[in-house]
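Residue numbers (the numbering used here): 1470 to 2233.
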């Protein structure tokens, strides 16, 4: 048997349509089950196992593979060990969108890890959204439910959803199992939109709610990474030819349940930083250097330790045995002078969760709030019960209140007890709040200078080179270290920006940056999952508080977070495409891969509104459930093209709200949520210069008096002439300063072109 193994292909059976019967002459007429382990799917097409990939796809949910001590006739030792690791990796990747409790039964490991299940509504068929599987009467749904986009239970079912649906596609799948040498071949066949619309990125990893929140593609990618990490750090006992156990970090086990309980790993969220303060646009070569370092890490030996990433944030999964450290994984960045703020959590494998701090904060609030609320409800219930006992004639009137209090008390007690139990479990496993630490190359931090040395003007962490850096004009002299000088001299790729500088020094440009706030995103994903649970349990679980809380506590957010980063990158790609169409010759990209930053040449202040509108459309289409939050932020800094860049950068790197706009020359700062900005834009109307004088007067009154009443009193004199402004102040509660800043924004000009000395015509 060939021991070639592509772990990403283990869930091949999930790609098969319900009613597909590949070989009618060999089936008994029953529908095949998802994983393809059912005899109705003709795995007997092969007389014997042909590869480890085949064994994994065929047997990875069989209880025999839950324990390495089991004898498996006909399976080589290395294949047995690989499939055991695959099962653990699969369990890890699946449990990152829901918990899978340790197996309680050697005989039926699969059934032992099931969460509480939800039943379908009566009268539904498997043509409906939440269809009933023949096997165990569970709800089943065939597309991913996106926590940040789907706010209600689905009402329509996609057709032609499965990539394997007839004899030809089945034979193609069987051939691929034998011939594929890596995951890329699998993705090309089953997740290429140019080849088919039946994509694994649209299929849920598990089709039973609430497990439908992760795509099969994301699940398979994570499984592959987890498997390769385990393969590198887990050793077979006594040897690979006849493995009966596995050892990691001095903990030897034979069962997966033991491994999940005893083996500890670290989860790190690393925010990349650089010590340079970019003074000139040319210093932004550091963004390209960051992307190059990321590509180097992705393609290198340590790429699997990065579960997923954005431009400057990486999630690492690392062993705790010291064999591989975060410093080693991040070495491509450290060598260039980058450093990372790391949010480090350590878990047993069964408790892996990226939003631990958010959960602990919520638990602390719950512990303070719920007991007092329970006491209050108990007092109210005692009074109602007393009235119930002593005034029988009022029982009909008291019944709704009595039932409501009983329900509230039951729900609150269940929530409190379930959370306490989970917190106790974390304490027993030594799981603590995440630790924050800096990951930096110590060699770049020299605290003392030698006689005659200057410190680098940009990074302030390394000694400058003996020869100062002089700009081409010869007027600016800077002392730069070797790394910062190399960044400055790496080549100016912002060609359009150079052209704009030459055309008009007064040319207005907008520096644009999109920033995700991961602490808030972690929390919002969990909140949206809990809302989803409440909807499901209300409809299918008879409002069972115990069931709802059990499902919520089983949530593990790694896979949904990985799914979110994909959606975030897709939103950025569309934003870049829309801006390119809107500003075909007036857009400069600062990133090559994940386009979070741009420079836009402005013809008028209203161009800024077009940028905000494109961002709004992206949030509406990709993250509608997050629209009223500030978890993804847009920052825009507007100034003449020659304005000192560090002023832009200091503003862009620390956004305060969903929309953040500054115009330093006009003292403009507009910072508000998306819906408020849309409200201001809709309510504000450009009028004559008298309106300009009015908004300046109102802002001056507000600044001197700090009184909204005086502002409204002054507005009463001009309400008829400026009704839009009156409504914004009185009805919508905007400050006079916000209205003035918006007025300054939309009346901003694009700048005049430089005049030629002789002809007086603008330079081309």
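Glycine included, each C-beta is placed from N, C-alpha and C at the ideal position.
Per-residue DSSP class, three states only, for residue i
{"i": "residue 2153", "result": "coil"}
{"i": "residue 1549", "result": "helix"}
{"i": "residue 1486", "result": "coil"}
{"i": "residue 1507", "result": "Any answer about residue 1507 is weak, because its pLDDT of 41 lies below 50 and its placement is not dependable; what the coordinates show is given next. Looking at residue 1507 - three-state DSSP - the assignment turns out to be coil, as it is neither helix nor strand."}
{"i": "residue 1578", "result": "Residue confidence for residue 1578 is low, a pLDDT of 38 falling below 50, so the modelled location carries little weight; the figure read from the coordinates is stated next. Of the three classes helix, strand and coil, the one that applies to residue 1578 here is helix, per DSSP."}
{"i": "residue 2100", "result": "coil"}
{"i": "residue 1481", "result": "helix"}
{"i": "residue 1732", "result": "coil"}
{"i": "residue 2058", "result": "strand"}
{"i": "residue 2092", "result": "coil"}
{"i": "residue 1616", "result": "coil"}
{"i": "residue 1704", "result": "strand"}
{"i": "residue 1713", "result": "coil"}
{"i": "residue 1524", "result": "helix"}
{"i": "residue 2112", "result": "coil"}
{"i": "residue 1573", "result": "Note that residue 1573 scores 39 on pLDDT, short of 50, meaning its location in the model is unreliable and no value can be drawn from it."}
{"i": "residue 1686", "result": "helix"}
{"i": "residue 1971", "result": "helix"}
{"i": "residue 1928", "result": "coil"}
{"i": "residue 1869", "result": "helix"}
{"i": "residue 2137", "result": "strand"}
{"i": "residue 1666", "result": "coil"}
{"i": "residue 1737", "result": "strand"}
{"i": "residue 1801", "result": "helix"}
{"i": "residue 2165", "result": "helix"}
{"i": "residue 2132", "result": "strand"}
{"i": "residue 1501", "result": "Residue placement at residue 1501 cannot be trusted, given a pLDDT of 39 that sits under 50; the coordinates are not used to answer."}
{"i": "residue 1494", "result": "Any reading at residue 1494 must be qualified, since the residue scores a pLDDT of 41, below 50, and its modelled position is unreliable; the value itself is stated next. Note: residue 1494 maps to coil in three-state DSSP."}
{"i": "residue 1564", "result": "helix"}
{"i": "residue 1908", "result": "strand"}
Whether residue i touches residue j by CB criterion (7 Å)
{"i": "residue 1747", "j": "residue 1826", "result": "no"}
{"i": "residue 2014", "j": "residue 1831", "result": "no"}
{"i": "residue 1760", "j": "residue 2062", "result": "yes"}
{"i": "residue 1682", "j": "residue 1622", "result": "no"}
{"i": "residue 2172", "j": "residue 2184", "result": "no"}
{"i": "residue 1714", "j": "residue 1557", "result": "no"}
{"i": "residue 1476", "j": "residue 1692", "result": "yes"}
{"i": "residue 1481", "j": "residue 1526", "result": "yes"}
{"i": "residue 1735", "j": "residue 1815", "result": "yes"}
{"i": "residue 1906", "j": "residue 2055", "result": "no"}
{"i": "residue 2134", "j": "residue 1966", "result": "no"}
{"i": "residue 1737", "j": "residue 1785", "result": "yes"}
{"i": "residue 2071", "j": "residue 1977", "result": "yes"}
{"i": "residue 1687", "j": "residue 1911", "result": "no"}
{"i": "residue 1817", "j": "residue 1896", "result": "no"}
{"i": "residue 2103", "j": "residue 1983", "result": "yes"}
{"i": "residue 1887", "j": "residue 2018", "result": "yes"}
{"i": "residue 2294", "j": "residue 1881", "result": "With the chain running from 1470 to 2233 in the structure shown, residue 2294 is simply not present."}
{"i": "residue 2199", "j": "residue 2181", "result": "yes"}
{"i": "residue 1959", "j": "residue 1949", "result": "no"}
{"i": "residue 1853", "j": "residue 1870", "result": "yes"}
CB-CB length for residue i against residue j, believed under 8 Å
{"i": "residue 1779", "j": "residue 1519", "result": "Not really, about 40 Å apart at Cβ, beyond 8 Å."}
{"i": "residue 1979", "j": "residue 2077", "result": "6 Å"}
{"i": "residue 2067", "j": "residue 1981", "result": "4 Å"}
{"i": "residue 2108", "j": "residue 2117", "result": "7 Å"}
{"i": "residue 2088", "j": "residue 2041", "result": "The pair is not a contact, with the Cβ atoms about 12 Å apart (cut-off 8 Å)."}
{"i": "residue 2002", "j": "residue 2020", "result": "5 Å"}
Option in the options with minimal Cα separation from residue i
{"i": "residue 1633", "options": "2132, 1874, 1555, 1666", "result": "1666"}
{"i": "residue 1559", "options": "1543, 1547, 1546, 1535", "result": "1535"}
{"i": "residue 2190", "options": "2201, 2104, 2164, 2209", "result": "2164"}
{"i": "residue 2147", "options": "2177, 1680, 2179, 2096", "result": "2096"}
{"i": "residue 1849", "options": "1863, 1838, 2116, 1873", "result": "1873"}
{"i": "residue 2130", "options": "2051, 2212, 1610, 1819", "result": "2212"}
{"i": "residue 1562", "options": "1723, 2025, 1861", "result": "2025"}
{"i": "residue 1671", "options": "2119, 1484, 1789, 1870", "result": "1484"}
{"i": "residue 1698", "options": "1619, 1551, 2094", "result": "1551"}
{"i": "residue 2151", "options": "2201, 1777, 2186", "result": "2201"}
{"i": "residue 2139", "options": "1643, 2114, 2106, 1719", "result": "2106"}
{"i": "residue 1613", "options": "1678, 1645, 1663", "result": "1678"}
{"i": "residue 2209", "options": "2197, 2218, 2219", "result": "2197"}
{"i": "residue 1936", "options": "1541, 1943, 2020, 1947", "result": "1947"}
For the stretch 1948 to 1959 and the stretch 1918 to 1934, state whether three or more C-beta atom pairs, one from each stretch, are separated by less than 8 Å. yes
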